[in-house]
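With this note's numbering applied, the sequence shown has no gaps in its numbers, which climb one by one up to 442 at the end. What follows is a set of notes on a single structure, which appears directly below.
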Amino acid sequence: MPATVVKFPATDLRMSAENVLRGNDNGGYTVPSRATYPHQWNWDSALAALGWAELDPSRAWRELETLAGARDRQGMIPHIAFHTRVPDRLNGRLRGALTTVARTYARYLPGPRWWGRRLAYDGRRISGITQPPVAATCMRILFEGHPDEARARALLTPLLGWHRFLLEERDPRGTGEPVLIHPWESGRDNAVEWDAPLWRVLPEVTVVHRRDTHSVDAAERPSDEHYRRFLTLVRRGTRVDWAQSRLARGGAFRVLDPGFSAILARACADLGWLAEELGEGRIAEESRAASARVADALRARADSDGLIRAVDMTDETTLEVTSAGSALALLAPGLGSEHMEAVRDLVTTGVLASPYGVRSLDREHPERSARNYWRGPVWSNVTWLCALALEDHGDRVAAAKMRFRMMEAIEGGGMREYFVPDSGRGLG
Ligand code: DGY
Numbered sequence: 015m016p017a018t019v020v021k022f023p024a025t026d027l028r029m030s031a032e033n034v035l036r037g038n039d040n041g042g043y044t045v046p047s048r049a050t051y052p053h054q055w056n057w058d059s060a061l062a063a064l065g066w067a068e069l070d071p072s073r074a075w076r077e078l079e080t081l082a083g084a085r086d087r088q089g090m091i092p093h094i095a096f097h098t099r100v101p102d103r104l105n106g107r108l109r110g111a112l113t114t115v116a117r118t119y120a121r122y123l124p125g126p127r128w129w130g131r132r133l134a135y136d137g138r139r140i141s142g143i144t145q146p147p148v149a150a151t152c153m154r155i156l157f158e159g160h161p162d163e164a165r166a167r168a169l170l171t172p173l174l175g176w177h178r179f180l181l182e183e184r185d186p187r188g189t190g191e192p193v194l195i196h197p198w199e200s201g202r203d204n205a206v207e208w209d210a211p212l213w214r215v216l217p218e219v220t221v222v223h224r225r226d227t228h229s230v231d232a233a234e235r236p237s238d239e240h241y242r243r244f245l246t247l248v249r250r251g252t253r254v255d256w257a258q259s260r261l262a263r264g265g266a267f268r269v270l271d272p273g274f275s276a277i278l279a280r281a282c283a284d285l286g287w288l289a290e291e292l293g294e295g296r297i298a299e300e301s302r303a304a305s306a307r308v309a310d311a312l313r314a315r316a317d318s319d320g321l322i323r324a325v326d327m328t329d330e331t332t333l334e335v336t337s338a339g340s341a342l343a344l345l346a347p348g349l350g351s352e353h354m355e356a357v358r359d360l361v362t363t364g365v366l367a368s369p370y371g372v373r374s375l376d377r378e379h380p381e382r383s384a385r386n387y388w389r390g391p392v393w394s395n396v397t398w399l400c401a402l403a404l405e406d407h408g409d410r411v412a413a414a415k416m417r418f419r420m421m422e423a424i425e426g427g428g429m430r431e432y433f434v435p436d437s438g439r440g441l442g
């Protein structure tokens, strides 16, 4: 443990986790960060529900309800639901104060105007892309600890609708896995495997007024070259009014991500379990079949080393990078022992192993960077999901090891998003 790292006792740790949740509570949802991410982000919010479950189960259910309220007309739950409105009927000082708050929200790029006039079921402005569908898995964990049948039942149909969207609109060629149309959909924004498909996108947005680097060191964030392309893809999607299956069939950026697909396979299985508990046989059956279909598609494309990697759908080539996506693939139910052993070795002693959790990129990759976002650092969400996957596949010892490492990172590096893989220093 380096000298700069301070260890917190467990009670302090619990208190600082609680402070982060309460400090980032926007009423019905939790923002990932007041400065950098001041709206509701899809997978961050679903995971925050598990934090709320420890403090206030009703608030945890509310988190999932506001997330489901962000769904669009096709059932997709977007990656961001924006906090935008300052009610017109308010006057004077209150309106002035709220307008100042609204300006804080306006600091995020790309804000709501970039995405066209996209409205959620609950009236909020939303983005046109999605994020890893962990919500049903979080709902199952919440239900197991704090069952609330009425609230769980009301969430079944919105979550089923989102999973259907992914398996229908986003799988125009019937591969069994959803096509991602923007690197942000993977949740691993600037992962090295996206460089090759992303560099084929000719930047139309050339001047970028970054806001994220005002609150986080640029060395810990994606580059301007990434941002030009991220924003170009947003502009192009808005130009075609986010015609989802068209973008999945012929958009400029199209990939299969084993991490996203496996999260979906596990989410469908969890939704099936919940539906069974609630006596909703048809949803249970459909969800179980969907889970098996995604898991079969993943299993069929395992490499000779037992790992599953990303695919560039523009030319159907495998993207030869070993990253957190291959580790997350273990979340798919029913993958065989060969796959399980390959991932266990990868994250416990192999090229993704770190004393602080699961590295986002192969430690021997020439592009690795200890501090740069998804190009090397350890992320606690990924480490936690890998522990869950190892437990699902029966390896409690490896799962406990992952959780221990994750706690080491947080105890030493603080309540941070990501950590330097060799020192545990907190980042982001
Ligand atoms: C970002 O980083 O701004 C994207 O929305 C991905 O979360």
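Idealized CB from N, CA, C, for every residue including glycine. These numbers come from a predicted model, not from an experiment.
Option nearest arginine 73 by Cα separation, candidates Arg127, Thr227, Met153: Residue mapping note: residue 73 aligns to position 59 of the sequence shown, counting from 1. The shortest Cα separation from arginine 73 among Arg127, Thr227, Met153 belongs to Met153.
message: Short of 7 angstroms in beta carbon distance, which residues of its chain neighbour valine 34, apart from the five on each side in sequence? Order them along the chain.
response: If you number the sequence shown from 1, residue 34 lands on position 20. Once the five neighbours on either side are set aside, the close Cβ partners of valine 34 are Met429.
task: Classify tryptophan 213 as buried or exposed, calling it buried when 16 or more other Cβ atoms lie within 10 Å of its own Cβ.
output: Translated into the one-based positions of the sequence shown, residue 213 becomes position 199. When all chains shown are included, tryptophan 213 counts as exposed.
message: Less than 7 angstroms separating the Cβ of isoleucine 140 from some heavy atom of ligand 1?
response: In the sequence shown, the residue the question calls residue 140 occupies position 126. Not under cutoff, so the answer is no.
message: Considering only their Cβ atoms, is the gap separating valine 269 from leucine 375 smaller than 8 angstroms?
response: Here residue 375 refers to the residue found at position 361 of the sequence shown. Here residue 269 refers to the residue found at position 255 of the sequence shown. Not in contact: leucine 375 and valine 269 (Cβ atoms no closer than 8 angstroms).
task: Check each candidate in Arg260, Ala164, Pro217, Asp70 and name the one with the smallest Cα separation from arginine 184.
output: Within the sequence shown, the letter at position 170 stands for residue 184. Among Arg260, Ala164, Pro217, Asp70, the Cα nearest to that of arginine 184 belongs to Arg260.
Burial state of proline 16 (16 or more Cβ within 10 Å): For the purposes of this step, residue 16 is taken as the residue at position 2 of the sequence shown. Only weak support exists for where proline 16 lies, its pLDDT of 45 falling under 50; the value from the coordinates is given anyway. Under this definition proline 16 is an exposed residue.
- prompt: For isoleucine 143 versus histidine 93, is the C-beta spacing smaller than 8 angstroms?
  reply: By 1-based counting over the sequence shown, the position of residue 143 is 129. By 1-based counting over the sequence shown, the position of residue 93 is 79. Taking 8 angstroms as the Cβ cut-off, isoleucine 143 and histidine 93 qualify as a contacting pair.
message: To test your reading of the DSSP string, which unbroken alpha helix (DSSP H) runs of 4 or more residues are found completely within the region 198 to 251?
response: 209 to 213, 226 to 229
- prompt: Does ligand 1 have even one heavy atom less than 7 angstroms from the beta-carbon of aspartate 203?
  reply: Locating residue 203 in the sequence shown gives position 189, where the first residue counts as 1. Checking the Cβ of aspartate 203 against ligand 1 gives yes.
message: Assuming glycine 175 is part of the alpha helix (DSSP H), what are its boundary residues?
response: The residue you call residue 175 lines up with position 161 of the sequence shown. Unbroken alpha helix (DSSP H) run through glycine 175: 163 to 182.
field: Bridge-paired residues (DSSP) for phenylalanine 433
entry: As a first step, residue 433 must be located in the sequence shown, where it is residue number 419. Answer by DSSP bridge pairing, in chain order: Val392, Gly440.
query: Under the three-state reduction of DSSP, which class applies to alanine 17: helix, strand or coil?
result: Stepping through the sequence shown from its first residue, residue 17 is reached at position 3. The predicted model places alanine 17 with a pLDDT of 42, which falls under 50 and marks its position as unreliable, so this point remains unresolved.
message: Assuming contact is defined by CB atoms lying nearer than 8 angstroms, are alanine 338 and arginine 439 in contact in what I supplied?
response: By 1-based counting over the sequence shown, the position of residue 338 is 324. By 1-based counting over the sequence shown, the position of residue 439 is 425. Against a cut-off of 8 angstroms, the Cβ pair of arginine 439 and alanine 338 comes out as no contact.
message: Which residue wins for smallest C-alpha separation from threonine 7, given the options Arg131, Leu156, Arg382?
response: Residue 7 lies beyond the residue range present for the chain, which begins at 15 and ends at 442; the question has no answer from this structure.
message: Out of Thr189, Pro211, Gly188, which one is the CA nearest neighbour of isoleucine 195?
response: As a working note, residue 195 is residue 181 in the sequence shown. Nearest option by C-alpha distance: Pro211.
message: By alpha-carbon positions, which one of Ala262, Arg313, Ala60, Val148 ends up nearest to proline 186?
response: Here residue 186 refers to the residue found at position 172 when the sequence shown is read from its first residue. Of the candidates Ala262, Arg313, Ala60, Val148, the one whose C-alpha sits nearest the C-alpha of proline 186 is Ala262.
message: I'd like the list of long-range same chain contacts for leucine 344, defined as Cβ closer than 6 angstroms, with 5 residues on each side in sequence excluded.
response: Residue numbering aside, residue 344 sits at position 330 when the sequence shown is read from its first letter. Answer for leucine 344: Val357, Ala403, listed in chain order.
- prompt: Taking the Cβ atom as the reference point for each residue, do asparagine 204 and arginine 389 lie within a distance shorter than 8 angstroms?
  reply: Sequence index remark: in the sequence shown, residue 204 carries index 190 (1-based). Sequence index remark: in the sequence shown, residue 389 carries index 375 (1-based). Yes, they are a contact pair.
message: Taking DSSP's pairing of strands, which residues face aspartate 326 in a bridge?
response: Residue numbering aside, residue 326 sits at position 312 when the sequence shown is read from its first letter. According to DSSP, aspartate 326 bridges with Val269, Thr331.
query: Per DSSP, isoleucine 297 is paired with what?
result: Within the sequence shown, the letter at position 283 stands for residue 297. Partner(s): none; isoleucine 297 has no beta bridge.
message: Between histidine 93 and ligand 1, is there a pair consisting of the residue's CB and a ligand heavy atom that are separated by less than 7 angstroms?
response: Along the sequence shown, one-based indexing puts residue 93 at 79. Yes.
query: histidine 407: which of Leu173, Leu349, Leu441 sits nearest, CA to CA?
result: In the sequence shown, residue 407 corresponds to position 393, counting from 1. The shortest Cα separation from histidine 407 among Leu173, Leu349, Leu441 belongs to Leu349.
- prompt: Three-state secondary structure (DSSP) at aspartate 406?
  reply: Counting from one through the sequence shown, the residue named residue 406 turns up at place 392. Note: aspartate 406 maps to helix in three-state DSSP.
message: Quick check: is any heavy atom of ligand 1 less than 7 angstroms from the C-beta of tryptophan 213?
response: Within the sequence shown, numbered from 1, the residue matching residue 213 stands at position 199. Tryptophan 213 Cβ: outside cutoff for every heavy atom of ligand 1.
field: Minimum C-alpha distance to tryptophan 129 - residue among Asp436, Trp393, Ile140
entry: Here the question's residue 129 lines up with position 115 in the sequence shown. The residue with the shortest Cα to Cα distance from tryptophan 129 is Ile140.
- request: Go ahead and pull the three-state DSSP assignment for glycine 42.
  value: Position 28 of the sequence shown, counted from the start, is the residue given in the question as residue 42. Reduced to three states, the DSSP call for glycine 42 is coil.
message: Please state whether the Cβ-Cβ distance between glycine 83 and tyrosine 51 is less than 8 angstroms.
response: Sequence index remark: in the sequence shown, residue 83 carries index 69 (1-based). Sequence index remark: in the sequence shown, residue 51 carries index 37 (1-based). No.
- prompt: Is isoleucine 424 helix, strand or coil when you go by DSSP?
  reply: Start at 1 with the first residue of the sequence shown, and residue 424 comes out as number 410. Three-state DSSP puts isoleucine 424 in a helix.
message: Here's the rule I'm using: 16 or more other beta-carbon atoms within 10 Å means buried, otherwise exposed. How should proline 23 be labelled?
response: Residue numbering aside, residue 23 sits at position 9 when the sequence shown is read from its first letter. Looking at its Cβ environment, which holds fewer than 16 other Cβ atoms inside 10 Å, proline 23 is exposed.
query: From the DSSP output, which residues share a beta bridge with arginine 139?
result: Taking the first residue of the sequence shown as position 1, residue 139 is located at position 125. Arginine 139 pairs with Leu133.
query: Is the CB-CB distance between isoleucine 277 and leucine 342 below 8 angstroms?
result: Start at 1 with the first residue of the sequence shown, and residue 277 comes out as number 263. Start at 1 with the first residue of the sequence shown, and residue 342 comes out as number 328. Against a cut-off of 8 angstroms, the Cβ pair of leucine 342 and isoleucine 277 comes out as a contact.
message: So, under 8 angstroms CB-CB, histidine 177 and alanine 281 are touching, yes? Tell me the CB distance rounded to an integer number of Å.
response: Position 163 of the sequence shown holds residue 177. Position 267 of the sequence shown holds residue 281. Their Cβ separation, rounded to whole angstroms, is 7 angstroms, which keeps histidine 177 and alanine 281 in contact under 8 angstroms.
- request: Please find out if some non-hydrogen atom of ligand 1 comes closer than 7 angstroms to the beta-carbon of tryptophan 388.
  value: In the sequence shown, counting from the first residue as 1, residue 388 sits at position 374. Because no heavy atom of ligand 1 lies under 7 angstroms away, the Cβ of tryptophan 388 does not count as near it: no.
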